[in-house]
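Trainee: Residue numbers (the numbering used here), protein chains in the order written: chain Y, 35 to 150; chain S, 2 to 112. I'd like to ask some things about the structure below.
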């Protein structure tokens, strides 16, 4: 079974500073990896995903993530954050190619709090 | 396209009452899911469906039932609501395992 760990429940950062949100996963099979963003009182929106190929994945709003198989990590980064990036960010994992159920397992989330 | 639509958006129930949450998708997706979101716990899978007429238990199925009589609809039922079921409920659908489309959520309070 897969699991996802987001060790940081909250990350405060100043506007225009870089940020990294950490995500580690465990799985006995190949996986697909995702980052979702949830703005206050809204649903979840897909930021980016890793399915195969290049380990550096670029998403919307200037975010990117790097898949590191040896460290079982999929950390999310942005070189310069804006106030509007304040939201909760969820890392998720699903079975890779050939998976039968497509279930997504989510981490507990990281609240990115951007301060002026 | 509307995507994934959840009704109602808000509901307050008394302990012991029953209710049904409706999820409808217009993308012809095979897979549909119900999650609950609680502070500090992320999203936890309640039940899911891999196609019309099928349902399966997720991580936290107790106290909930589901039905998928039509491909586009996935219903989540609470037969006897309890305060522990106070949560935000999200429905999602997918065509494959390349990512979900989420609804906007239902905020349920059980008093």
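The beta-carbon is built from N, C-alpha and C at its ideal position, and this holds for glycine as well.
1. Is there a Cβ from chain S that is less than 8 Å from the Cβ of residue 180 of chain Y?
2. On the CB-based measure, 16 or more other CB atoms within 10 Å of its CB, does residue 33 of chain S come out buried or exposed?
3. Given a threshold of 16 other Cβ atoms within 10 Å of its Cβ, counted over all protein chains shown, does residue 70 of chain S qualify as buried or as exposed?
4. So residue 20 of chain S packs on residue 83 of chain S, CB below 8 Å; how close in whole Å?
5. Just checking: is the beta-carbon of residue 99 of chain S within a distance shorter than 8 Å of some beta-carbon in chain Y?
6. Kindly list, in the order they appear in chain S, the residues whose Cβ is closer than 9 Å to that of residue 80 of chain Y.
7. Select from the stretch 109 to 142 of chain Y all residues with a C-beta closer than 7 Å to any C-beta belonging to chain S, and list them in chain order.
8. Cutting at 7 Å between CB atoms, please list the residues of its own chain near residue 62 of chain S, excluding the five before and the five after it.
9. In angstroms, rounded to a whole number, what distance separates the CA positions of residue 39 of chain Y and residue 28 of chain S?
10. What's the gap between the Cα of residue 101 of chain S and the Cα of residue 100 of chain Y?
11. Flag residue 46 of chain S as yes if its beta-carbon sits less than 8 Å from any beta-carbon of chain Y, otherwise no.
12. If you reduce the DSSP assignment to three classes, tell me which class residue 87 of chain Y lands in.
13. Applying a beta-carbon distance threshold of less than 8 Å, which residues of chain S neighbour residue 55 of chain Y?
14. State yes or no: is the beta carbon of residue 49 of chain S nearer than 8 Å to at least one beta carbon in chain Y?
15. Excluding the 5 residues preceding and the 5 following residue 44 of chain Y in the sequence, name in chain order all residues of the same chain whose CB lies nearer than 6 Å to its CB.
16. Going along the stretch 79 to 91 of chain S in order, which residues come within less than 8 Å of chain Y, judged by CB to CB distance?
Mentor: In brief:
1. It is not possible to answer for residue 180 of chain Y, since the shown part of chain Y is limited to 35 through 150.
2. So residue 33 of chain S counts as buried.
3. exposed
4. The pair is not a contact, with the Cβ atoms about 12 Å apart (cut-off 8 Å).
5. Interface residue, yes.
6. 100, 101, 102, 103
7. 124, 128, 129, 133, 135, 136, 137, 138, 140, 141, 142
8. 47, 48
9. 31 Å
10. 20 Å
11. yes
12. coil
13. Correct list: empty, because the minimum Cβ distance to chain S is about 14 Å.
14. yes
15. Excluding sequence positions up to five before and after residue 44 of chain Y, its CB lies within less than 6 Å of the CB of 145, all in the same chain and listed in chain order.
16. 91
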